Amino acid sequence: MEEALRDMVYQFGYRGVVDGKPVISTGGLSTLESAFEALGWDDPYVLSEEGNTCEIKGCMNEISSGQRWGKYYLRLCSKHGSMAWKNKRRPPVKEYAIERELKRDKTTGFLNQ
Ligand SMILES: [Zn+2]
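What the sequence shown shows, in this note's numbering, is residues 12 to 124, in sequence order.
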């Protein structure tokens, strides 16, 4: 039940950045306010940077695609996803993404544990 509620909030909540941290908020919608209350979340609710933001250093935009860019497979926002698609020069990547990509099997493409 809680997981279903969280999934709903992640899908319909409003993304933003507050004090340099990614957040999700109700946007004043009463349905979302009820869901946030049931989850015991503040509004806005602070999300972890990893898994919720673009993996280019300094970018806090929401992830919109996963793409290969150079030697890494990255979760990217629409702006950086477009740059990757056009094969533009890749800006520096966040450390946690580099660490993850170093564990990727070069043959299978799967992440090693
Ligand atoms: Zn980005």
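Backbone N, C-alpha and C define an ideal beta-carbon position, used for all residues, glycine too. Predicted, not measured: the structure shown is a model, and the values here were computed from it.
Margin query: Restricting to Cα atoms, I'd like to know which of V20, K32, E110 and V34 is closest to L40.
Written below: Taking the first residue of the sequence shown as position 1, residue 40 is located at position 29. Here the closest residue by C-alpha is V20.
* Asked: Three-state secondary structure (DSSP) at I109?
  -> Counting from one through the sequence shown, the residue named residue 109 turns up at place 98. Correct three-state label for I109: helix.
ask   = Is it right to say L87 is buried, meaning 16 or more other beta carbons lie within 10 angstroms of its own, or is it exposed?
value = Translated into the one-based positions of the sequence shown, residue 87 becomes position 76. Answer is buried; the Cβ neighbour count reaches 16.
Quiz item: Secondary structure at R100, three-state DSSP: helix, strand or coil?
Solution: Reading the sequence shown from its first residue, position 89 is the one you call residue 100. The answer is coil: DSSP assigns R100 none of H, G, I, E or B.
Contacting residues, own chain, Cβ-Cβ under 6 angstroms from G77 (five flanking each side not counted) | Within the sequence shown, residue 77 is the residue found at index 66, counting from 1. Around G77: R86.
Span separating the alpha-carbon of K32 from that of G120: Residue 32 sits at position 21 when you count from the first residue of the sequence shown. Residue 120 sits at position 109 when you count from the first residue of the sequence shown. When rounded, the distance between both Cα atoms is 31 angstroms.
Exercise. Along the chain, where does the beta strand (DSSP E) that runs through R86 open and close?
Worked result: On the sequence shown, position 75 is the one that residue 86 refers to. First-last of the beta strand (DSSP E) with R86: Y83 to L87.
Go to S36, then tell me how far its beta strand (DSSP E) extends in each direction, as first and last residue. Start at 1 with the first residue of the sequence shown, and residue 36 comes out as number 25. Here the beta strand (DSSP E) through S36 covers K32 to S36.
Could you give the DSSP three-state label for G92: helix, strand or coil?
Residue numbering aside, residue 92 sits at position 81 when the sequence shown is read from its first letter. Of the three classes helix, strand and coil, the one that applies to G92 here is helix, per DSSP.
Beta-carbon within less than 7 angstroms of L58's beta-carbon, same chain only, minus the 5 sequence neighbours each way: which residues are those?
Start at 1 with the first residue of the sequence shown, and residue 58 comes out as number 47. So the qualifying residues of the chain are P33, V34 and I35.
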